[in-house]
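Q: In this note's numbering, the protein residues as written are 387 to 966.
Even for Gly, the Cβ is constructed at its ideal location relative to N, Cα and C.
Note that this is a predicted model, so its numbers are computed, not measured.
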Amino acid sequence: MGDWWTPTMMPDPSLDTKELSSISGISMSPSRQNLHHSLHSTMALPKTSYSVLSAFCTEENISQCIAYINQEVCSLGLTGVSLESKSGSLSAVPVLNLLYEVLQLQRRAQRALHELETQQLKNGSDLEHLQHSNCRLKDQLEHTRRDNSGLHEGERQLQLKIKTLQNWLKSEKEEVQKLQSIISSRATQYNHDTKRKERECTKLKERLNQLLMDKRDKKLSIEISNHVGRSDGKRGLWKTGKMEARHEGEMYRALLSDYETRQRSLMMENSELKKVLQHMKKDMITILSPKKPCIKTEPANDSLEQAVSEGEEEIGDSSRETLEQSCEQAREQLTNSIRLQWRKLKSHMERLDSQASLVACQEREGEEMMSRKEHEEEMQRMRMELQQCKEFIHMQQQLLQQLSSPCDEETAALLNDCYTLEEKERLKEEWRLFNEQKRNFEQERKNFTEAAIRLGHERKAFEEDRAAWLKTQFLNMTPFVDRKRPALSEPHSALSVGTEPEAKLQSTPPLVTKSLFSTPKAASVKMPSTADLYRTLHLIPDSRGHGKCQSGEMSTKSRLRNCSTDCSVISLVRDENSPI
387 MGDWWTPTMM
397 PDPSLDTKEL
407 SSISGISMSP
417 SRQNLHHSLH
427 STMALPKTSY
437 SVLSAFCTEE
447 NISQCIAYIN
457 QEVCSLGLTG
467 VSLESKSGSL
477 SAVPVLNLLY
487 EVLQLQRRAQ
497 RALHELETQQ
507 LKNGSDLEHL
517 QHSNCRLKDQ
527 LEHTRRDNSG
537 LHEGERQLQL
547 KIKTLQNWLK
557 SEKEEVQKLQ
567 SIISSRATQY
577 NHDTKRKERE
587 CTKLKERLNQ
597 LLMDKRDKKL
607 SIEISNHVGR
617 SDGKRGLWKT
627 GKMEARHEGE
637 MYRALLSDYE
647 TRQRSLMMEN
657 SELKKVLQHM
667 KKDMITILSP
677 KKPCIKTEPA
687 NDSLEQAVSE
697 GEEEIGDSSR
707 ETLEQSCEQA
717 REQLTNSIRL
727 QWRKLKSHME
737 RLDSQASLVA
747 CQEREGEEMM
757 SRKEHEEEMQ
767 RMRMELQQCK
777 EFIHMQQQLL
787 QQLSSPCDEE
797 TAALLNDCYT
807 LEEKERLKEE
817 WRLFNEQKRN
827 FEQERKNFTE
837 AAIRLGHERK
847 AFEEDRAAWL
857 KTQFLNMTPF
867 VDRKRPALSE
877 PHSALSVGTE
887 PEAKLQSTPP
897 LVTKSLFSTP
907 KAASVKMPST
917 ADLYRTLHLI
927 PDSRGHGKCQ
937 SGEMSTKSRL
947 RNCSTDCSVI
957 SLVRDENSPI
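Right, dumping it as structure tokens:
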């Protein structure tokens, strides 16, 4: 009977017999515990067809099982049922109802569990969102603090800059005051110098006039020159008759000799002075005589030029007349002519001096105006900079007040939206840059792939041409070259441009030919030896020829190794020059 009956619910494999016995021991009465011990003892017997749950209810303990189930159902909040019918047989309807209620209870428990799990997930997501918001707000607070510290530092630097500018302005003002005092002192000194020069000039003019008048009033007389006193320093003796009689002749002779020497010196001096006067006249004439273009451009100076020309004619006439007149008249005429020329020269120089002083004054006034204008521009620029600094400081103070004052929720939301928009714009810009870099990288990779493919094709063609050329060269090195040459075709490759003519190749020995046509050797192509080639062609040379061929092969291999680098460089240069 127990073979065909199976329980509807499988037992939990994690629950062993000890756990079941402990659970049943807690909820059962002592009589039931004894019964449970008996059941437990029966479970320790050898296995039968009944399972652990099938031994729970037997025909002997039906009432006890019903009481236990009613007790458990009442603990769950359900109504207990009696499974006995009137006829004494078991009724399945209460059991099914009880099972349905248990299923409904379990569904409600599962639904509540699912809702609790959903609520837990929501709470976890809300907690994560709050943590993220807290981190973001902390970052914003740190960023705001950094900005605030940066603004404080900028304000401090601006204050230092303002202080330095104020100090510089003060120093510039002091420098301007110093320069103004120096200019005023120099102006007063210049005025004193000009007055002193004017007084000296008037004194010199008076002295010159006095000298000229004194020379005019002076008459001819004999003057004692080079008077020599006594060597002993004593006074001369009294002039007595004896002394006069003794030295009278000597006195007259000395006077005559002195007069003659004086006359000769005066004549020489007069001649030299005449020459000097002539030179001075010529120089003054050349200085005072105006040029022809000046006459055309300056008609206001015609009267002065006429006066100068008349003065020159008078000077020339007077100079010619001085040769015929006496010394006194010549001296007076020369003095008058020199005075006239000096006055003209003086007036001309005064006019030039006045023009030069006028030009210098104009230049000085222009420079003063320029310096004053530059100073005013500099002051205006500094005022503008000071005003900008004040505005900047005022704006910083307003920003600090706004930051220090608590902002409302709308302002905070607006700031968050602004930060979000800034982040979005920054992300868009970074994404655009990333796409652009990606496109550039794809283009470069495509170009590199094309270049690699083209290089592979060129390398393959080069290897084929070189293999054909090496085959031709090895065939040309055989002793039957005259017989084999007509059957061979000339290879067409990039290396065949620099080959020698056929006549030169026939006249050279095989070793020389091999050394002339040494080409780079690639790693992928293996060069056959001369012995293998001769063995393939069924030609077995003597030992000496074999040794020579071996030495030629070794030299060719070494040259090929040395030239491999040049060939690779040539191929790379060709790739760079070719359009991509």
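1) Do you know offhand how far Gln773's Cα is from Gln766's?
2) I need the DSSP call for Tyr486, collapsed to helix, strand or coil.
3) Excluding five sequence neighbours on each side, which residues of the same chain lie with their C-beta closer than 6 Å to the C-beta of Arg758?
4) When the Cα atoms are used, what is the spatial distance from Cys451 to Cys460?
5) With DSSP collapsed to three states, give me the class of Thr465.
6) Mapping the DSSP letters down to three states, classify Ser651 as helix, strand or coil.
7) Here's the rule I'm using: 16 or more other beta-carbon atoms within 10 Å means buried, otherwise exposed. How should Met863 be labelled?
8) Out of Leu642, Ala746, Leu731, which one is the CA nearest neighbour of Thr672?
9) State buried or exposed for Gln859, treating a residue as buried only when at least 16 other CB atoms are found within 10 Å of its CB.
10) Less than 9 Å between the C-beta atoms of Leu598 and Arg725, yes or no?
11) Can you tell me whether Phe848 is buried or exposed, with buried defined as 16 or more other CB within 10 angstroms of its CB?
12) Select from Ala640, His761, Leu641, Thr721 the residue whose C-alpha is nearest the C-alpha of Leu663.
13) What does the alpha-carbon distance come out to for the pair Met735 and Gln741?
14) Quick check: what's the CA-CA separation for Thr504 versus Leu516?
15) Does DSSP classify Cys443 as helix, strand or coil?
16) Please state whether the Cβ-Cβ distance between Asn577 and Leu786 is less than 9 Å.
17) Using CA atoms only, rank isn't needed, just tell me which of Val745, Gln575, Arg737, Leu801 is closest to Arg522.
18) Can you give, in chain order, each stretch of the alpha helix (DSSP H) that sits fully within the stretch 535 to 605 and has at least 4 residues?
19) Could you check how far apart the C-beta atoms of Ile548 and Cys775 are, in whole angstroms? I think they sit under 8 Å.
20) With a 10 Å radius around its C-beta and 16 neighbouring C-beta atoms as the bar for buried, classify Lys524 as buried or exposed.
21) As a quick exercise: from Asn483, Leu537, Glu501, pick the residue whose alpha carbon is nearest that of Met781.
22) Examine the ligand GTP and report whether any of its heavy atoms sits within less than 8 Å of the Cβ of Gln450.
23) Select from Ser723, Met670, Ile779, Leu513 the residue whose C-alpha is nearest the C-alpha of Gln543.
24) Between Thr550 and Leu789, which are expected to be in contact by the criterion C-beta below 8 Å, what is the C-beta distance as a whole number of angstroms?
25) Pick helix, strand or coil for Met765, following the three-state DSSP scheme.
26) Run through DSSP, which three-state label would Met781 get?
27) Taking C-beta to C-beta, are Val488 and Leu464 nearer than 9 Å?
28) If you check the beta carbons only, do Ser733 and Lys667 fall under 9 Å apart?
29) On a Cα-Cα basis, can you pick out the residue from Glu753, Ala495, Trp554, Ala798 that is closest to Leu527?
30) If the criterion is Cβ atoms closer than 9 Å, does the pair Leu555 and Met768 meet it?
31) Suppose contacts are defined by Cβ-Cβ distances below 9 Å. Is Leu462 in contact with Leu499 by that definition?
A: Answer, in terms of the structure:
1) One alpha carbon belongs to Gln773, the other to Gln766, and they sit about 11 Å apart.
2) Secondary structure of Tyr486 (DSSP, three-state): helix.
3) Taking C-beta separations shorter than 6 Å and ignoring five residues to either side along the sequence, Arg758 has no partners in its chain.
4) For Cys451 and Cys460, the distance between alpha carbons rounds to 14 Å.
5) Look at Thr465 here: in three-state DSSP terms it is coil, with no helix or strand label.
6) Residue state, collapsed to three classes: helix.
7) Counting Cβ neighbours within 10 Å, Met863 comes out buried, since at least 16 surround it.
8) The option with the nearest alpha carbon to Thr672 is Leu731.
9) Counting Cβ neighbours within 10 Å, Gln859 comes out buried, since at least 16 surround it.
10) Closer than 9 Å, so yes.
11) Label assigned to Phe848: buried.
12) When each option's Cα is compared against that of Leu663, the closest is Thr721.
13) Taking the straight line joining both Cα atoms gives about 10 Å.
14) Roughly 18 Å between the two C-alpha positions.
15) Under the three-state reduction of DSSP, Cys443 is assigned to coil, being neither helix nor strand.
16) Going by C-beta atoms, Asn577 is not nearer than 9 Å to Leu786.
17) Arg522 has its Cα closest to that of Leu801, out of Val745, Gln575, Arg737, Leu801.
18) Here no run is fully enclosed.
19) The beta carbons of Ile548 and Cys775 sit about 6 Å from each other, so the pair counts as a contact at 8 Å.
20) Residue burial annotation: Lys524 is exposed, with fewer than 16 other C-beta atoms found within 10 angstroms of its C-beta.
21) Ranking the options by Cα distance to Met781, first place goes to Leu537.
22) Although the ligand GTP was asked about, the structure shown includes no ligands whatsoever.
23) Per the Cα distances, Ile779.
24) For Thr550 against Leu789, the beta-carbon gap comes to about 28 Å, at or over 8 Å, which does not count as contact.
25) Met765: helix per DSSP, three-state reduction.
26) DSSP places Met781 in helix when its eight states are reduced to three.
27) Against a cut-off of 9 Å, the Cβ pair of Leu464 and Val488 comes out as a contact.
28) Taking 9 Å as the Cβ cut-off, Ser733 and Lys667 do not qualify as a contacting pair.
29) Closest in C-alpha terms to Leu527, from the list Glu753, Ala495, Trp554, Ala798, comes Ala798.
30) In contact: Leu555 and Met768 (Cβ atoms closer than 9 Å).
31) In this structure, Leu499 does not lie closer than 9 Å to Leu462 by Cβ.
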